[in-house]
Amino acid sequence: MTVEELQKKLADLPLAKIIYFEEIGSTNDFALHLLVEDEGCEDGTLVIADAQTAGRGRFDRKWYTHPNSSLAFSLAIIPSLEEAQKNALFAPLGALAVSLALEDLGLKPKIKWPNDVLLDERKTCGVLAESCWLGGQLKGIVLGIGVNIGKDSIPKAEDLLFPATCVEAHYHKPLDRLDLLRDILKHVFLWRETLTCDNFIKAWEERLAYKGKYVTLQSRNNEAPIKGKMLGVTSEGYLRLEAEPHGSEINVMIGDLKLRPSVE
Ligand code: BTN
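With our numbering, the residue at position 84 of the sequence shown is 86, and numbering never jumps.
Structure representation (structure tokens):
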């Protein structure tokens, strides 16, 4: 990957700027730094790296980005006032965009709430959206997306909390990483327009893994997990669960979801 190749491949997308690193700590950290330090950081600035040495996931987990075999990028977004009200939906926007791009390849991804993309029940993409606040105002959002493309991108079993896979294990033809990147970004820009509409929630919900199934949600480390049937998501992006043992609906904003085995 070179900056020239990126510029050529992404020329028709509404990107303000492309910043490429062969290796960096974390593209999210760099994009956050741009938003905080650089008054001129424009909406649609893309920070992309071939390898990350300190990639981060949700809950401060490590995210591995091996050279030549992954996609790791962060898009700096300056939200409109309307979008700022829905800032929790930017991470699902990333997951939806990756899912649609994988569907364009003929694959059948699912989204594990809130924003992991699965292929055949294994994680192939993670999304980390981080907000940058200044004086109580949302200044910007960094939408960080990591996709496992080649076999080398799959972390070692001991580093995994959830089974992982890569796109090439499911797409048995040569795959151009940059074509996939272009398609993901195209969907990000298209679906960003719908963030405040029911259509967005519908598209996200249609792709949710475990809908109607019995799941366990670990909401915070030391709290007892919540068990229940997954109903869907609210318009704000909360997970809707029919909680056990009473069957009342609860809405949860944060957590790690697992499918419950039929026998525990
Ligand atoms: C997760 O699954 O917990 C989210 C993983 C997000 C990884 C991406 S890779 C590009 C960007 N830079 C980071 O440090 N993290 C995100």
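For every residue, glycine included, the Cβ atom is placed at its ideal position computed from N, Cα and C. This structure is a prediction, so every number in the text was calculated from the model and none was measured.
A78 counts as buried, since at least 16 other C-beta atoms from the protein chains shown sit within 10 angstroms of its C-beta.
R179 is not a Cβ neighbour of K112, given a cutoff of 8 Å. For F75, the enclosing beta strand (DSSP E) begins and ends at 72-79. Burial is judged here by how many other beta carbons sit within 10 angstroms of a residue's own beta carbon; K125 has at least 16 and is buried. The Cβ-Cβ distance between G57 and G137 does not fall below 8 Å. Contact between L12 and I20 holds: their C-beta atoms lie close to 7 Å from each other, under 8 Å.
Checking the 7 Å criterion, the Cβ of G146 is within range of a heavy atom belonging to ligand 1.
Rounded to the nearest whole angstrom, the CA to CA distance from L187 to P247 is 42 Å. When the five nearest sequence neighbours on each side are left out, the beta carbons in the same chain lying within less than 7 Å of the beta carbon of I26 are those of F32, A51, Q54, in order along the chain. The three-state reading of DSSP puts A211 in coil, since its state is none of H, G, I, E or B.
When C-alpha distances from L177 are compared across G230, N224, G249, N150, the shortest belongs to N150. Secondary structure at G27: coil, using DSSP grouped into helix, strand and coil. Secondary structure of D258 (DSSP, three-state): strand. For ligand 1, a non-hydrogen atom lies closer than 7 Å to the CB of L130. Taking S101 as the centre and dropping the five residues before and after it, the same chain places the C-beta of P111, I113, V119, R209 closer than 7 Å to its C-beta, in chain order.
The C-beta distance from P69 to W206 rounds to 32 Å, too long to fall under 8 Å, and the pair is not in contact.
Counting the other CB atoms within 10 Å of its CB gives L34 a total of 16 or more, which places it among the buried residues.
A residue is called buried once 16 or more other Cβ atoms fall within 10 Å of its Cβ, and T4, having fewer, is exposed. When distances are taken from the beta-carbon of T167 to the heavy atoms of ligand 1, even the shortest one reaches 7 Å or more. For E84, the enclosing alpha helix (DSSP H) has its first and last residue at 83-87.
The Cβ neighbour count for D14, taken over all protein chains shown within 10 Å, is under 16; the residue is labelled exposed.
In this chain, the alpha helix (DSSP H) harbouring V100 covers 92-106. Closest by C-alpha distance to V38, out of S237, A245, C199, W135, is W135.
Counted as a single uninterrupted DSSP element, the alpha helix (DSSP H) harbouring R184 occupies residues 179-194.
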